[in-house]
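**Q** Here the sequence shown stands for residues 687 to 1094, numbered as in my numbering. Structure in structure tokens, see below.
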Amino acid sequence: MYIYKAGVVGAGAMGAEIAQVISFSGLPVVLKDVDQARIDLGLETIRKIYQRRVDRGKMTQDELENKLALVTGATSYDAFKDVDLVVEAVPEKLDLKQQIFRDLDKAAPESAILASNTSSLLISALGGVTKRPHKVVGMHFFYPAHIMKLVEVVPGLDTAEETVGDVIGFAESLRKLPIRVNECPGFLVNRILMPYLNEAAYCVQESPVSPRQIDEALVAFGFPMGPFTLVDNLGFDVCREVVNVLQAAYGERMQPAAIWERLYERQRFGVKSGAGFYLYGDRAGQADRELEEILKSLRGSSKAPNGFSPHRVVLPMINEAIRCLEEDVCSAADVDLAVIAGLGFPQSKGGILHYADEVGLDKVLTELQAFVLRHGSRFWPSPLLKRHVAAGHLGRAAKKGFFDYTAG
Ligand SMILES: NC(=O)c1ccc[n+]([C@@H]2O[C@H](COP(=O)([O-])OP(=O)(O)OC[C@H]3O[C@@H](n4cnc5c(N)ncnc54)[C@H](O)[C@@H]3O)[C@@H](O)[C@H]2O)c1
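Dropping the structure here:
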């Protein structure tokens, strides 16, 4: 199916970026929000993204105006009568999204695809309120969408294969990297990311290691930024919703570290609120008494030695990625593509499963078992990892692991 015109519902942080990406590909796009003021804010965001391209000499002012002219603001669904695809990007509330899908089902042509940018809600729960569940699909962009290449394409239970193919084609036409992710709570990237962020938080709250020391160690490992800088940039209020969904779905192994709630109570959401694991704005670089107090109360009188190592935070990611393979959420190659494009996992390591193969799956298993004894059952190794080890598929050295190395 060819997409001639698209719609975006919600002109906030994600919706405006998505509308910019669509207009950049040359397609007309209608951007809907609840009132003109919010639409204007969205249009302003889009103009700023284009303006930066003009300032860097990548686009002329005329080209900017032409691209901007492709975006039309709307406060009603009248302008959705001839759209071929809609991306919904309203706040992460099931009732609200279901209402939008009912409205879109009435407003958009019968043939139109209805996609949701939800980070954590089930696509099946959105498709289920429409008369076209075969045309409803997840199209999960990452922030900032005008830079991040990855798009998770998530079919619900009733989504047609044709719809998945059409959305993958559409994402490619936007110069994105789509991967197909079978529906599960957190999809792929957030599901792998959260155990990593969470374990880093356990490390600081349990032992005398600072967020900065951990961030530096993971930058040395090859990440573009450490977990605490990342969470401060993502916004902890946003991460918290995802963490809650993951914990509700997967239980104990996603139990959030207590420090998250302490920061949340104090409205320390990260860069946007001026404080998170670090201080920002006028207070940047100053001594952070509040964080010291929080850490002191969590560590109590514990004399635990520094319990951090890069593998303590990377192995939970690997373990969760293997669980995704086990559940057929996506292929091993797509896991590696997703962690590089979506999480900044070091490209030089070939992705998280290539890295596990490189380390040796028997060693990964032994390390996880040691972490279980030291830190608890959230490190419990996935059955598929044990099967690989039992079969002698130990990774690169054995020429077979999650990938086959016989040709190399
Ligand atoms: N922010 C992120 O980093 C991020 C990343 C990936 C996915 N997401 C997902 O994208 C979605 C949107 O998140 P966001 O951060 O852009 O939220 P946001 O709060 O910045 O923007 C949401 C917009 O939707 C508008 N809206 C609310 N009700 C509406 C309605 N009935 N009709 C039209 N517009 C309406 C709001 O006015 C607001 O402008 C969520 O599902 C979120 O989980 C967010």
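Note that the Cβ used here is the ideal one computed from N, Cα and C, for glycine as well. What you are looking at is a predicted structure, and each value in this text was computed from that prediction instead of being measured.
Specify whether the region 755 to 775 and the region 784 to 796 touch according to this definition: at least 3 beta carbon pairs, one from each stretch, less than 8 Å apart.
**A** In short, these stretches touch, since the Cβ pair count reaches three.
**Q** Just to check my reading of the structure: Val839 and Arg866 have Cβ atoms closer than 8 Å, yes? What is that Cβ distance to the nearest angstrom?
**A** Yes, they are in contact, since the Cβ atoms of Val839 and Arg866 sit about 5 Å apart, within 8 Å.
**Q** My output table needs one value for Phe1057: the three-state DSSP class, helix, strand or coil.
**A** If DSSP states are grouped into helix, strand and coil, Phe1057 belongs with the helices.
**Q** State the DSSP-derived secondary structure class of Leu916, mapped to helix, strand or coil.
**A** It is helical.
**Q** Under 7 Å from any heavy atom of ligand 1, does the C-beta of Met700 make it?
**A** Indeed, a heavy atom of ligand 1 lies less than 7 Å from the Cβ.
**Q** For a quick check, are the C-beta atoms of Leu1070 and Glu1012 less than 8 Å apart?
**A** The answer is yes: Cβ separation under 8 Å.
**Q** Suppose contacts are defined by Cβ-Cβ distances below 8 Å. Is Thr816 in contact with Leu800 by that definition?
**A** Yes.
**Q** Specify, as a first and last residue, the run of the alpha helix (DSSP H) that His832 falls within.
**A** Counting along the chain, His832 falls outside any alpha helix (DSSP H), and DSSP gives it neither H nor E.
**Q** Quick one: grab the DSSP three-state call for Leu771.
**A** Correct three-state label for Leu771: strand.
**Q** Cutting at 7 Å between CB atoms, please list the residues of its own chain near Gly1036, excluding the five before and the five after it.
**A** Contacts found: Asp1022.
**Q** Does ligand 1 have a heavy atom nearer than 7 Å to the CB of Pro996?
**A** No, since every heavy atom of ligand 1 falls outside the 7 Å radius drawn around the Cβ of Pro996.
**Q** Provide the residue(s) that pair with His826 in DSSP beta bridges, ordered along the chain.
**A** His826 pairs with Glu838.
**Q** Nearest CA to the CA of Glu848: which residue from Leu729, His820, Leu812?
**A** Per the Cα distances, His820.
**Q** Could you give the DSSP three-state label for Asp721: helix, strand or coil?
**A** DSSP places Asp721 in coil when its eight states are reduced to three.
**Q** Within the continuous beta strand (DSSP E) that includes Ala692, where are the two ends?
**A** From DSSP, the beta strand (DSSP E) with Ala692 extends over 692 to 695.
**Q** The beta strand (DSSP E) that contains Val757, what's its start and end?
**A** First-last of the beta strand (DSSP E) with Val757: 757 to 760.
**Q** Counting only the same chain and skipping the five closest in sequence on each side, list residues whose C-beta sits under 6 Å from that of Val999.
**A** Contacts found: Tyr882, Glu885, Ala886.
**Q** Check whether the Cβ of Tyr763 lies closer than 7 Å to any heavy atom of ligand 1, and answer yes or no.
**A** Checking every heavy atom of ligand 1 against the Cβ of Tyr763, none is found closer than 7 Å.
**Q** Since Pro714 is in the beta strand (DSSP E), which residue starts that stretch and which ends it?
**A** Here Pro714 belongs to no beta strand (DSSP E), and DSSP marks it neither H nor E.
**Q** Cα separation between Phe787 and Leu812?
**A** About 7 Å.
**Q** May I ask you to report which of helix, strand or coil DSSP gives Asp791?
**A** Helix.
**Q** Would you say the beta carbon of His826 is closer than 7 Å to some non-hydrogen atom of ligand 1?
**A** Yes, the Cβ of His826 comes within 7 Å of a heavy atom of ligand 1.
**Q** Any heavy atom of ligand 1 inside 7 Å of the beta-carbon of Lys835?
**A** Incorrect: Lys835 has no Cβ contact closer than 7 Å to ligand 1.
**Q** Reducing DSSP to helix, strand and coil, say where Ile1008 ends up.
**A** Ile1008 falls in the helix class under three-state DSSP.
**Q** How would you write the range of the alpha helix (DSSP H) that Pro897 sits in, first residue to last?
**A** Taken as a continuous stretch (DSSP letters only), the alpha helix (DSSP H) holding Pro897 covers 897 to 907.
**Q** What does DSSP give as the partner residues of Leu800 in its beta bridges?
**A** The partner list for Leu800 (beta bridge, DSSP) reads Val772, Val822.
**Q** Ile786: beta carbon under 7 Å from a heavy atom of ligand 1?
**A** Indeed, a heavy atom of ligand 1 lies less than 7 Å from the Cβ.
**Q** Any contact between the region 952 to 972 and the region 912 to 924? By contact I mean 3 or more CB pairs, one from each, below 8 Å.
**A** Touching, per the Cβ criterion.
**Q** Contact defined as beta carbons within less than 8 Å: I believe Leu1051 pairs with Lys1072. What is the distance between those atoms, to the nearest angstrom?
**A** Indeed they touch by this definition, with Cβ atoms about 7 Å apart.
**Q** Pull up the CB-CB distance for Pro913 and Ile900, whole angstroms please, since I reckon it's below 8 Å.
**A** Their Cβ separation, rounded to whole angstroms, is 7 Å, which keeps Pro913 and Ile900 in contact under 8 Å.
**Q** Could you tell me whether the Cβ atoms of Leu977 and Ala1007 are closer together than 8 Å?
**A** The answer is no: Cβ separation not under 8 Å.
**Q** Closer than 7 Å by C-beta to Pro996: which residues in its own chain qualify, once you throw out the five before and the five after it? Chain order, please.
**A** Closer than 7 Å at the Cβ level, and outside the excluded window around Pro996, lie Ala903, Leu904, Phe907.
**Q** Could you give the residue range of the beta strand (DSSP E) that holds Leu863?
**A** Taken as a continuous stretch (DSSP letters only), the beta strand (DSSP E) holding Leu863 covers 863 to 866.
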